[in-house]
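Asks:
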Amino acid sequence: MKKFFLSVLLFLCVVAAFAQSPVYLFSYFINNSTDGLHLAYSIDGLKWEALNNNQSFLKPEVGKDKLMRDPSICQAPDGTFHLVWTSSWTDRIIGYASSKDLIHWSEQIGIPVMMHEPTAHNCWAPELFYDEPSQTYYIFWATTIPGRHKNISTSGSEKGLNHRIYYVTTKDFKIFSETNMFFNPDFNVIDAAIVKDHNGELIMVMKNENSNPPEKNIRVTKTDNIKNGFPTQVSGPITGDYWAEGPAPLIVGDYIYVYFDKYRDRKYGTVRTKDRVNWEDVSDLVSFPQNTRHGTAFAVDKEVLEQLLQLP
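Read in order, the letters of the sequence shown are residues 807 to 1118 in this note's numbering.
1) Going by DSSP, name the residue or residues bridged to Y943.
2) From I1000 to S878, what distance separates their C-alpha atoms?
3) DSSP three-state call for L812: helix, strand or coil?
4) When burial is assigned at 16 or more other CB atoms within 10 Å of the CB, is S940 buried or exposed?
5) Within the same chain, show all residues whose beta-carbon is closer than 8 angstroms to that of D992, passing over the 5 residues directly before and after it, in chain order.
6) How long is the line joining the alpha carbons of T1079 and D1003, rounded to whole angstroms?
7) Buried or exposed: S848, going by 16 or more other Cβ atoms within 10 Å of its Cβ?
8) Can you give me the C-alpha to C-alpha distance between H910 and S893, rounded to a whole angstrom?
9) Does the beta-carbon of Y1069, which I'm using as the reference point, lie nearer than 8 angstroms to any heavy atom of the ligand SAH?
10) Just list the beta strand (DSSP E) runs in the stretch 965-1012, keeping only unbroken ones of 3 residues or longer that don't cross its boundaries, in chain order.
11) Does DSSP put L843 in a helix, a strand or coil?
12) Can you give me the Cβ contacts of S959 inside the same chain, cut-off strictly under 6 angstroms, excluding the 5 residues immediately before and after it?
13) Suppose contacts are defined by Cβ-Cβ distances below 9 angstroms. Is I1057 in contact with R1082 by that definition?
14) Count the other CB atoms within 10 Å of the CB of I981; is the residue buried (16 or more) or exposed (fewer)?
15) Distance, Cα to Cα, D1030 vs D937?
16) Considering just the uninterrupted stretch of the beta strand (DSSP E) at Q1113, what are its terminal residues?
17) Suppose you measure from the CA of A998 to the CA of T896; what does that come to, to the nearest Å?
18) To the nearest angstrom, how far is it from the Cα of L1114 to the Cα of D978?
19) Of all the options E855, I1024, D1047, which has the alpha carbon lying nearest to the alpha carbon of M1012?
20) Tell me whether the beta-carbon of T950 lies closer than 9 angstroms to the beta-carbon of H922.
21) Is the stretch 1083-1092 touching the stretch 859-878, taking contact as three or more C-beta pairs under 8 angstroms?
22) Who are the Cβ neighbours of D1071 in its own chain at under 7 angstroms, not counting the five residues just before and after it?
23) Identify whether G1075 lies in helix, strand or coil by the three-state DSSP scheme.
24) In or out: S983 buried (at least 16 other Cβ within 10 Å) or exposed?
25) With a 10 Å radius around its C-beta and 16 neighbouring C-beta atoms as the bar for buried, classify Q861 as buried or exposed.
26) Does the Cβ-Cβ distance between F1094 and A903 come in under 9 angstroms?
27) So for S862, helix, strand or coil by DSSP?
28) How about V1092 and Y1065: do their beta carbons lie closer than 9 angstroms?
29) Please classify E1112: is it buried, with 16 or more other beta-carbons within 10 angstroms of its beta-carbon, or exposed?
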């Protein structure tokens, strides 16, 4: 009888542990940038399946072109999901909305992050990061301001594009700080994203966008405190001999995965690391919904996914 009760107790402990383990969501857009927000889910970080029959959860309504590219989602301590996105190829704003369940969304607004810079070319691929020690949200994105930075050699198709990463902070998405420089390396940089490691270290991945000669690969830099910024001396490429963009880092167990858009090959790729130094390409192990484009990966409680799976 004692063995029976011990077996039952062990079973209940396993069930409870499984119930508390996270699942993963991926926010993305598809080929038609006006289609809006798409979500996929994964149990293991490898197989990703579309939610809502791969239909949009939110149609874009703000910006010059009313696009929704590069959707980034961050969940607040109170459970609210905050979303930012690229609203146009040439906007000086970024799109913003919030939701309690990823199904019903607030009114969309445009955050005027670069309106004070009349020659700013764009606001691309905004990302969200919540800094727990300061209870502050960081919103950062790539902008080209002509003549502002050290000249680089560009290709004809990208002449004049020389991005750096800028940011604002907020605690409530109503009041925002002034815009400041976030990351200013000696190369054309876009698509920065941050993940917090198990030891508290912050790892930022970004794309080296240099075009002549072409880089078009993903690099890494690390810091212990976001207020101190990130070193501009970055790693060598962690991706291979293909063009990659839109890196999305995610902690899954002992691994850090970085998913990215192989945009020339029209498919998604993935690298991962256990030791935070050596990266292996596991693209052949990973599957995404058809036409997935640049997005972000994040962990949620199983209850969030269960509600999304109940959609017709």
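Glycine included, C-beta positions come from ideal geometry on N, C-alpha and C.
Replies: Put simply:
1) DSSP output for Y943 lists Y936, T976 as bridge partner(s).
2) Between I1000 and S878, the C-alpha separation is close to 11 angstroms.
3) Unreliable placement is indicated for L812, whose pLDDT of 39 sits below 50; the coordinate value is still reported in the next sentence. The DSSP-derived three-state label of L812 is helix.
4) With fewer than 16 other Cβ atoms within 10 Å, it is exposed.
5) K956, T1038.
6) Each residue's Cα considered, the two are about 12 angstroms apart.
7) The residue is buried, with at least 16 neighbouring Cβ atoms inside 10 Å.
8) Within the model, the alpha-carbon separation for H910 versus S893 is close to 20 angstroms.
9) Among the components of this structure there are no ligands whatsoever, and the ligand SAH is therefore not found.
10) Segments of the beta strand (DSSP E) lying fully in the stretch 965-1012: 969-976, 986-989, 995-1002.
11) Residue state, collapsed to three classes: strand.
12) So the list reads N1018, once near-sequence residues are dropped.
13) Contact annotation: I1057 and R1082 have beta-carbon atoms that are not nearer than 9 angstroms.
14) Sixteen is the threshold: since fewer than 16 other Cβ atoms of the shown chains lie within 10 Å of the Cβ of I981, the residue is exposed.
15) So the alpha carbons of these two residues sit roughly 12 angstroms apart.
16) In the DSSP assignment, Q1113 falls outside any beta strand (DSSP E) and lies within the alpha helix (DSSP H) extending over 1108-1115.
17) Spanning the alpha carbons of A998 and T896 requires a straight line of approximately 19 angstroms.
18) If you draw a straight line from the Cα of L1114 to the Cα of D978, it is about 26 angstroms long.
19) Its Cα nearest to that of M1012, the residue I1024 stands out among E855, I1024, D1047.
20) No, they are not a contact pair.
21) No: fewer than three Cβ pairs fall under 8 angstroms.
22) Taken in chain order, the residues that qualify are Y1048.
23) It is a strand residue.
24) The residue is exposed, with fewer than 16 neighbouring Cβ atoms inside 10 Å.
25) Of the other Cβ atoms in all chains shown, fewer than 16 fall within 10 Å of the Cβ of Q861; this residue is therefore exposed.
26) A distance of 9 angstroms or more separates the beta carbons of F1094 and A903.
27) The answer is coil: DSSP assigns S862 none of H, G, I, E or B.
28) Yes; because the gap between Cβ atoms is below 9 angstroms, this pair is in contact.
29) Exposed, since its Cβ has fewer than 16 Cβ neighbours within 10 Å.
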